[in-house]
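Engineer: Numbering (our numbering), first residue to last: 38 to 325. The beta-carbon is built from N, C-alpha and C at its ideal position, and this holds for glycine as well. To start, I am sharing the structure in question, which I have written as structure tokens.
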Ligand code: SAH
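Structure representation (structure tokens):
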């Protein structure tokens with residue numbers, strides 16, 4: 038860890054120093070320890086990198102990144118996160134450029150499996166939580182098919198980071214008792230998302246991958262029973278230095294986002310509270 042990083046995160050620096058002392062490599066000579074691991078077999082860890090800010094990584098994620106021989110990382114991964122990789126680790130950017138097809142999912146599956154079979158400790162680094170719109174299932178299946186041990190290291194998902202930036206809670210006792218995480222972008226050919234199944238009164242709907250289909254999302258939300266006044270917040274680059282927030286309504290969604298020029302990566306938080314009279318009833322129920 039560089040001195041600049043250590044000055045910024047002293048507790049993290051202390052943790053890293055301690056975990057260095059406990060590493061097997063500090064007991065065995067470094068080369069022997071790595072050789073021993075390779076002789077057995079490699080492994081794959083699907084690691085959540087959180088929403089962007091490096092200090093929102095978990096300590097476990099940092100541990101796995103530091104131990105990795107190869108790190109396959111996505112487009113949304115902040116370069117600061119990669120600074121935890123050990124010197125000599127192989128860093129492979131598998132982010133798909135818009136319209137590009139260099140790293141289709143099948144190629145990613147094949148490469149991480151090949152690295153693990155060659156004895157490497159592989160980290161597949163994904164933004165947010167790897168189990169949320171991260172295609173983790175396909176990578177787990179590929180690892181399982183080859184008998185490769187696979188571990189999931191959860192991360193902080195964009196919805197949590199965005200709501201925290203807004204200074205709010207994703208749920209609110211009595212008014213919002215349901216949180217729906219949904220994507221506005223399905224596989225090509227799949228039917229459009231059915232918002233009526235996601236937006237019952239009392240819901241925060243966190244919509245991922247929605248920015249390029251805002252007019253369709255807006256129409257879908259209105260058809261699902263939201264009113265034009267239903268509040269929507271858009272947070273782009275949540276937790277990063279270039280974070281932006283826009284508070285609007287379902288009625289103004291597409292127009293206001295375009296006018297503000299707010300772009301990806303961004304998440305929508307639609308807040309459909311319970312009607313006031315139900316709020317007091319359910320609040321009573323909860324305190325009874
Ligand atoms: N696994 C990720 C989601 C990956 S899908 C997670 O748990 O957060 C990619 C989408 O996530 C983006 O299109 C955007 O909708 C959202 N996203 C990821 N990082 C974000 C960030 N820092 N701020 C806002 N939205 C983000």
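#1: Taking all protein chains shown into account, do 16 or more other C-beta atoms lie within 10 angstroms of the C-beta of residue 91, making it buried, or fewer, making it exposed?
#2: Specify, as a first and last residue, the run of the beta strand (DSSP E) that residue 216 falls within.
#3: Does DSSP put residue 257 in a helix, in a strand, or in coil?
#4: Expressed to the nearest angstrom, what Euclidean distance is found between the alpha-carbon atoms of residue 263 and residue 132?
#5: Kindly indicate the opening and closing residues of the alpha helix (DSSP H) around residue 143.
#6: Over what stretch of residues does the alpha helix (DSSP H) that includes residue 119 continue unbroken?
#7: Quick one: using the 10 Å Cβ neighbour count with 16 as the cut-off for buried, is residue 197 buried or exposed?
#8: Is any heavy atom in the ligand SAH found nearer than 8 angstroms to the beta carbon of residue 246?
#9: One question on the structure: do residue 153 and residue 213 come within less than 9 angstroms of each other, judged by their Cβ atoms?
#10: Let me know if residue 157 comes out buried or exposed under the rule of 16 or more other beta-carbons within 10 Å of its beta-carbon.
#11: Compute the distance between the beta-carbons of residue 215 and residue 192, then report whether it is under 9 angstroms.
#12: Can you tell me whether residue 184 is buried or exposed, with buried defined as 16 or more other CB within 10 angstroms of its CB?
#13: Would you decide whether residue 307 is buried or exposed? Buried here means 16 or more other CB atoms lie within 10 Å of its CB.
#14: How long is the line joining the alpha carbons of residue 293 and residue 161, rounded to whole angstroms?
#15: Let me check you understand the geometry: is the CB of residue 286 closer than 8 angstroms to at least one non-hydrogen atom of the ligand SAH?
Structural biologist: By the coordinates alone:
#1: Label assigned to residue 91: buried.
#2: Membership of residue 216 in the beta strand (DSSP E) is indicated by the continuous run 215-220.
#3: Residue state for residue 257 is assigned as helix, using DSSP reduced to three classes.
#4: Spanning the two alpha carbons is a distance of roughly 35 angstroms.
#5: Unbroken alpha helix (DSSP H) run through residue 143: 142-154.
#6: Element bounds for residue 119: 116-119.
#7: In this structure residue 197 is buried. Its beta-carbon is surrounded by 16 or more other beta-carbon atoms within 10 angstroms.
#8: Yes, the ligand SAH has a heavy atom inside 8 angstroms of this Cβ.
#9: No, the pair does not count as a contact, with Cβ atoms beyond the cut-off.
#10: The residue in question, residue 157, is buried, as its Cβ has 16 or more Cβ neighbours within 10 Å.
#11: Their beta carbons are not under 9 angstroms apart, which means residue 215 does not touch residue 192 by this criterion.
#12: Answer is exposed; the Cβ neighbour count stays below 16.
#13: Flag for residue 307 reads buried.
#14: Taking the straight line joining both Cα atoms gives about 36 angstroms.
#15: No, the ligand SAH has no heavy atom inside 8 angstroms of this Cβ.
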